[in-house]
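For the sequence shown, the working numbering assigns the number 1 to the initial residue and increments by one for each residue that follows.
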Amino acid sequence: MAVACRFDVTLESVPFRVNRSQGEGRRLVARRPQAVPGCRRTGRQAVPGALPLGQANAAGPAAVTIAYVLNTYPQPSHSFIRREVQALERQGVPVLRLAMRRAAVPLVDARDRAEAERTEYVLDRGALGLGLALLRRFLVAPGRGFAALRLAWRCGRVSPAGRLRHVIYLAEAAHVATRCRAAGVTHVHAHFGTNSTTVAMLAEALGGPGFSFTVHGPEEFDAPAALSLPEKLARARFAVGVSQFGRSQLCRWTAFAGWDRLRVVHCGIEPAAFADPVPVPDGPLRLVAVGRFVEQKGQMILLQAMARLVRSHPQAHLDLVGDGEMRGDLERAIVGLNLGGNVTLTGWLDQDGVRAALDAAHALVMPSFAEGLPMVVMEAMAAARPVVATYVAGTPELVWPGETGWLVPAADPAALADALEEVAVVGRQRLDRMGQAGRARVLERHDIDGQAAKLAEFFKSG
């Protein structure tokens with residue numbers, strides 16, 4: 001079993017932990033690295049089973065070691081990133097995981113908990129460690145340091161986060177640049193065009209590896225100027241959209257000469273996890289919706305549609321899987337709409353729990369106002385379930401009306417209720433046919449190993 005071991009003796013590699021017992025006045029306490037059998041001590045946690053950093057698979061044509069720079073990782077709603085990272089490693093591409101912070105919610109999936117053990121958390125360095133990292137970058141290459149500071153200042157000027165926050169991003173980037181150099185990283189990739197890509201861009205400006213990033217939307221498309229998206233697109237080796245729609249939005253903020261650096265890599269599923277799908281069940285209509293409880297996911301519209309549906313199908317049931325800031329609003333709406341016997345809020349479920357909820361349902365419902373290309377739609381289709389979704393972003397690239405599901409206008413409870421009525425009356429045989437058509441489509445387009453292979457080639461070629 002390969003174990004990634006390294007001993008980095010730099011000012012930045014002195015590990016710290018934050019003592020949270022001090023209330024608001026947090027203090028930094030030195031932390032002794034734990035020994036791992038067969039490993040020398042290292043400034044980061046040794047990772048059993050990891051590919052050795054700085055080395056490529058012997059079959060690969062070039063040595064490529066990737067660092068993934070992420071804001072919060074792992075977390076329940078971003079399991080697609082975990083699958084992508086692990087698929088890259090199956091391709092023989094070592095991946096160093098660098099996240100700014102841990103998830104604020106419990107990790108219910110054992111696979112996410114295991115991934116957290118393999119992730120280095122930049123903010124664990126504390127203010128002192130990050131400050132020393134930045135100071136060292138200025139001492140080693142003052143020209144680069146001041147150029148990076150000007151870049152951070154310029155991005156902060158147009159961002160609601162402000163200039164001070166971008167100076168903090170610069171300190172985080174200094175640690176990322178140093179850590180990547182120590183690990184032999186040849187390329188940095190970020191997910192989401194927000195602060196994680198800001199850190200990757202600043203790390204390159206400080207002398208770190210070149211970077212790329214994946215844009216999911218809709219946040220990046222809502223505020224491209226405030227996120228300095230044009231600057232990031234101009235500086236990146238390449239950028240990725242998760243759908244053709246996503247790539248089209250990146251074209252809006254990239255000069256035509258740079259369009260060939262805009263790629264499409266779909267988020268992927270693991271086909272083995274969806275082997276032997278079960279037929280659509282008998283019994284009263286059962287629906288499932290999965291997602292964070294936030295405005296853009298549209299669960300409130302779905303509840304209004306359910307209130308219409310139960311007039312003709314009083315036994316219809318909806319499982320809302322997820323959690324978030326609107327949970328209280330949804331609970332009150334369920335009571336106000338007299339849906340207590342028709343709607344269940346399950347909380348977050350692990351991957352097996354989501355699969356069980358899909359298997360028990362006749363269809364998935366995705367009532368979002370804005371999306372990228374929803375993972376849950378792919379998972380439902382892989383499980384041979386038709387999908388009722390809103391006509392937004394990249395969703396029509398997967399959901400074909402009458403073939404793999406239904407598309408309705410966003411924020412239209414009457415249209416959504418009509419589509420759910422069709423699900424209720426169309427019959428199991430038709431639902432099964434639609435489910436199988438969707439399954440064939442998603443397995444063809446969204447096998448994670450195929451998408452990771454495509455991404456690995458982009459990493460090598462730039």
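Where a beta carbon is used, it is the ideal one built from N, C-alpha and C, also for glycine. Keep in mind that this is a model prediction, so the values were computed, not measured.
How many Å lie between residue 81 and residue 217 at the Cα?
Counted from its first residue, the sequence shown places residue 81 at position 81. Counted from its first residue, the sequence shown places residue 217 at position 217. Cα-Cα distance, rounded: 15 Å.
Do residue 506 and residue 167 have their C-beta atoms within less than 9 Å of each other?
Outside the modelled stretch of the chain, which goes from 1 to 462, sits residue 506, for which no answer is possible.
Can you grab the Cα-Cα spacing for the pair residue 416 / residue 384, in whole Å?
As a working mapping, residue 416 is identified with position 416 in the sequence shown. As a working mapping, residue 384 is identified with position 384 in the sequence shown. Taking the straight line from one Cα to the other gives about 21 Å.
So residue 175 is in the alpha helix (DSSP H); what residue range does that whole segment cover?
Along the sequence shown, one-based indexing puts residue 175 at 175. From DSSP, the alpha helix (DSSP H) with residue 175 extends over 162-183.
Just the C-alpha distance for residue 463 and residue 329, rounded to the nearest angstrom, thanks.
Absent from the structure is residue 463, since the part of the chain shown begins at 1 and ends at 462.
CA-CA distance, residue 126 and residue 134?
Locating residue 126 in the sequence shown gives position 126, counting from the first residue. Locating residue 134 in the sequence shown gives position 134, counting from the first residue. Approximately 12 Å, taken between the alpha carbons.
Look up residue 405 in the DSSP assignment and say whether it is helix, strand or coil.
Position 405 of the sequence shown, counted from the start, is the residue given in the question as residue 405. Strand.
For the alpha helix (DSSP H) containing residue 240, list its first residue and its last residue.
Numbered from 1 along the sequence shown, position 240 holds the residue referred to as residue 240. Segment 238-241 is the beta strand (DSSP E) holding residue 240; no alpha helix (DSSP H) there.
Given this structure, state the Cα-to-Cα distance separating residue 97 from residue 113, to the nearest angstrom.
Within the sequence shown, the letter at position 97 stands for residue 97. Within the sequence shown, the letter at position 113 stands for residue 113. Each residue's alpha carbon lies about 14 Å from the other.
Given a cut-off of 9 Å on the beta-carbon distance, is the pair residue 268 and residue 109 in contact?
To locate residue 268, count along the sequence shown from 1; it is residue 268. To locate residue 109, count along the sequence shown from 1; it is residue 109. No, the pair does not count as a contact, with Cβ atoms beyond the cut-off.
Suppose you measure from the CA of residue 445 to the CA of residue 266; what does that come to, to the nearest Å?
Here residue 445 refers to the residue found at position 445 when the sequence shown is read from its first residue. Here residue 266 refers to the residue found at position 266 when the sequence shown is read from its first residue. Residue 445 and residue 266: Cα-Cα distance of roughly 8 Å.
Let me make sure I understand the geometry here. Which of 362, 213, 291, 241 has the alpha-carbon closest to that of residue 281?
Residue 281 sits at position 281 when you count from the first residue of the sequence shown. The shortest C-alpha separation from residue 281 is found at 362.
So what's residue 293 in DSSP terms, helix, strand or just coil?
Numbered from 1 along the sequence shown, position 293 holds the residue referred to as residue 293. The answer is coil: DSSP assigns residue 293 none of H, G, I, E or B.
To the nearest angstrom, report how far apart residue 195 and residue 398 are at their CA atoms.
Here the question's residue 195 lines up with position 195 in the sequence shown. Here the question's residue 398 lines up with position 398 in the sequence shown. Their Cα atoms are separated by approximately 29 Å.
In terms of residue numbering, what span does the alpha helix (DSSP H) encompassing residue 80 cover?
By 1-based counting over the sequence shown, the position of residue 80 is 80. 79-90 is the extent of the alpha helix (DSSP H) around residue 80.
At the level of alpha carbons, what is the spacing between residue 306 and residue 163?
Looking up residue 306 in the sequence shown gives position 306. Looking up residue 163 in the sequence shown gives position 163. Roughly 46 Å between the two C-alpha positions.
Could you check what DSSP says for residue 67 in three-state terms: helix, strand or coil?
The sequence position of residue 67 within the sequence shown is 67, counting from 1. Residue 67 falls in the strand class under three-state DSSP.
Thinking C-beta only, is residue 392 closer than 9 Å to residue 438?
Taking the first residue of the sequence shown as 1, we reach residue 438 at position 438. Taking the first residue of the sequence shown as 1, we reach residue 392 at position 392. In this structure, residue 392 does not lie closer than 9 Å to residue 438 by Cβ.
Return the first residue and the last residue of the beta strand (DSSP E) that residue 443 is part of.
To locate residue 443, count along the sequence shown from 1; it is residue 443. Here residue 443 belongs to no beta strand (DSSP E); instead the alpha helix (DSSP H) covers 428-445.
Tell me whether the beta-carbon of residue 480 lies closer than 9 Å to the beta-carbon of residue 169.
With the chain running from 1 to 462 in the structure shown, residue 480 is simply not present.
Roughly how many whole angstroms lie between the Cα atoms of residue 340 and residue 173?
The residue you call residue 340 lines up with position 340 of the sequence shown. The residue you call residue 173 lines up with position 173 of the sequence shown. Near 49 Å, if we compare the C-alpha coordinates of residue 173 and residue 340.
Check whether the segment 174-184 and the segment 254-261 touch, using three or more Cβ-Cβ pairs below 8 Å as the test.
These segments do not touch.
Leaving aside the five residues before and after residue 453 along the sequence, list all residues of the same chain whose C-beta is less than 7 Å from its C-beta, in chain order.
Here residue 453 refers to the residue found at position 453 of the sequence shown. Hits under 7 Å: 91.
Where does residue 300 fall in DSSP's three states?
Position 300 of the sequence shown, counting from 1, holds the residue named residue 300. DSSP places residue 300 in helix when its eight states are reduced to three.
Using a Cβ-Cβ cutoff of less than 6 Å, which residues in the same chain neighbour residue 99 once the five nearest sequence positions on both sides are dropped?
Here residue 99 refers to the residue found at position 99 when the sequence shown is read from its first residue. Once the five neighbours on either side are set aside, the close Cβ partners of residue 99 are 70, 73, 119, 121.
Quick check on residue 101: does DSSP put it in helix, strand or coil?
By 1-based counting over the sequence shown, the position of residue 101 is 101. Strand.
Give every residue of the same chain whose Cβ lies closer than 7 Å to the Cβ of residue 21, excluding the five residues on either side of it in the sequence, and list them in chain order.
Working through the sequence shown from its first residue, we reach residue 21 at position 21. In this prediction, residue 21 has a pLDDT of 35, which is less than 50 and means its spatial position is unreliable; what the coordinates show is noted afterwards. Closer than 7 Å at the Cβ level, and outside the excluded window around residue 21, lies no residue.
Apart from the five residues just before and just after residue 23, which ones in its own chain have a Cβ nearer than 6 Å to its Cβ?
Here the question's residue 23 lines up with position 23 in the sequence shown. Caution is warranted here: a pLDDT of 35 is assigned to residue 23, below 50, making its placement in the model unreliable, and the coordinate value is therefore given only provisionally. Excluding sequence neighbours, residue 23 sits near nothing in its chain.
Just to confirm the assignment, what range does the alpha helix (DSSP H) spanning residue 123 have?
In the sequence shown, the residue the question calls residue 123 occupies position 123. Element bounds for residue 123: n/a, residue is neither H nor E.
Tell me which residue opens and which closes the beta strand (DSSP E) that residue 344 is part of.
Here residue 344 refers to the residue found at position 344 of the sequence shown. Run containing residue 344: 343-347, per the beta strand (DSSP E) assignment.
In whole angstroms, give me the CA-to-CA distance for residue 212 and residue 320.
Locating residue 212 in the sequence shown gives position 212, counting from the first residue. Locating residue 320 in the sequence shown gives position 320, counting from the first residue. Spanning the two alpha carbons is a distance of roughly 35 Å.
In whole angstroms, what separates the C-alpha of residue 370 from that of residue 129?
Within the sequence shown, the letter at position 370 stands for residue 370. Within the sequence shown, the letter at position 129 stands for residue 129. The straight-line gap from Cα to Cα measures roughly 39 Å.
With DSSP collapsed to three states, give me the class of residue 12.
Here residue 12 is taken as the residue at index 12 of the sequence shown, counted from 1. Since pLDDT at residue 12 reaches only 35, below the 50 mark, its modelled position is unreliable, and the value read off the structure follows with that caveat. In this structure, residue 12 counts as helix in the three-state DSSP scheme.
Assign residue 124 to one of two classes, buried (16 or more other C-beta atoms within 10 Å of its C-beta) or exposed (fewer than that).
Mapped onto the sequence shown, residue 124 falls at position 124. Looking at its Cβ environment, which holds 16 or more other Cβ atoms inside 10 Å, residue 124 is buried.
When you compare only the Cα positions, how much space is there between residue 326 and residue 343?
The sequence position of residue 326 within the sequence shown is 326, counting from 1. The sequence position of residue 343 within the sequence shown is 343, counting from 1. For residue 326 and residue 343, the distance between alpha carbons rounds to 15 Å.
Apart from the five residues on each side of it in sequence, which residues of its chain come closer than 7 Å, Cβ to Cβ, to residue 461?
The sequence position of residue 461 within the sequence shown is 461, counting from 1. Excluding positions up to five away in sequence, the list is empty.
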